[in-house]
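Visitor:
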Amino acid sequence: MVPPTEPPVDIPGTRSLLDVLKSLPPEGFERASQRLLRESGFERVVVTGKSGDGGIDGNGILQVNPFVSFTVLFQCKRYAGSVSASQVRDFRGAMVGRADKGIIITTGTFTTEAMKEARRDGAPPIELVDGDTLVQMFERLELGVKPKTVYEVDETFFEEYR
74 MVPPTEPPVD
84 IPGTRSLLDV
94 LKSLPPEGFE
104 RASQRLLRES
114 GFERVVVTGK
124 SGDGGIDGNG
134 ILQVNPFVSF
144 TVLFQCKRYA
154 GSVSASQVRD
164 FRGAMVGRAD
174 KGIIITTGTF
184 TTEAMKEARR
194 DGAPPIELVD
204 GDTLVQMFER
214 LELGVKPKTV
224 YEVDETFFEE
234 YR
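Residue numbering for the sequence shown follows my numbering, beginning at 74 and increasing consecutively.
(1) Across the segment 159-166 and the segment 100-111, are there enough close Cβ pairs to call them in contact, namely three or more that are closer than 8 Å?
(2) With DSSP as the reference, label residue 215 as helix, strand or coil.
(3) Confirm, please, whether the CB-CB distance from residue 223 to residue 90 is below 8 Å.
(4) Could you have a look at residue 155 and say whether DSSP puts it in helix, strand or coil?
(5) Quick check on residue 235 - is its C-beta less than 8 Å from some C-beta in chain D?
(6) Is any heavy atom in the ligand ATP found nearer than 7 Å to the beta carbon of residue 128?
(7) Could you round the C-beta distance between residue 134 and residue 121 to whole angstroms and report it? I think they count as a contact, below 8 Å.
Take a look at the structure:
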């Protein structure tokens, strides 16, 4: 899982990015995730949108250098709850023979068991992106958000005037 940096600042009266992502239809969330992956350096990112694909929502290529590239499959879960270890296992099963790496992107969270399963020795690696990390990624790339300066009153400045 990508380590969190700092929590996003919510401004009263505005809708949080996570709420917006959760409100997208499944296809919209898949396309937004596709854009995020493209902007993060993946190439030829495609949303497959097929049923009966074992939960694979799309694929792309991560070109590490001129000699090394990886086929990566991704799954998008627009959840309020937690993704379980069995869902990670099912995704891995669908990946076998089709990709070197997988990514599960959710607006929710992952259970502790799901995190362990994603890192299990001897199994193809799966990166987990939870809702908080997803928001940070969108913010870092300024996708779907506009930077805004927020001023906070510095009470110590006014001490000499009291």
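For every residue, glycine included, the Cβ atom is placed at its ideal position computed from N, Cα and C.
Guide: By the coordinates alone:
(1) no
(2) coil
(3) no
(4) strand
(5) Given the protein chain composition of this structure (a single chain), no chain D is represented.
(6) The ligand ATP is not part of the structure shown, which contains no ligands of any sort.
(7) Their Cβ separation, rounded to whole angstroms, is 14 Å, which puts residue 134 and residue 121 out of contact at 8 Å.
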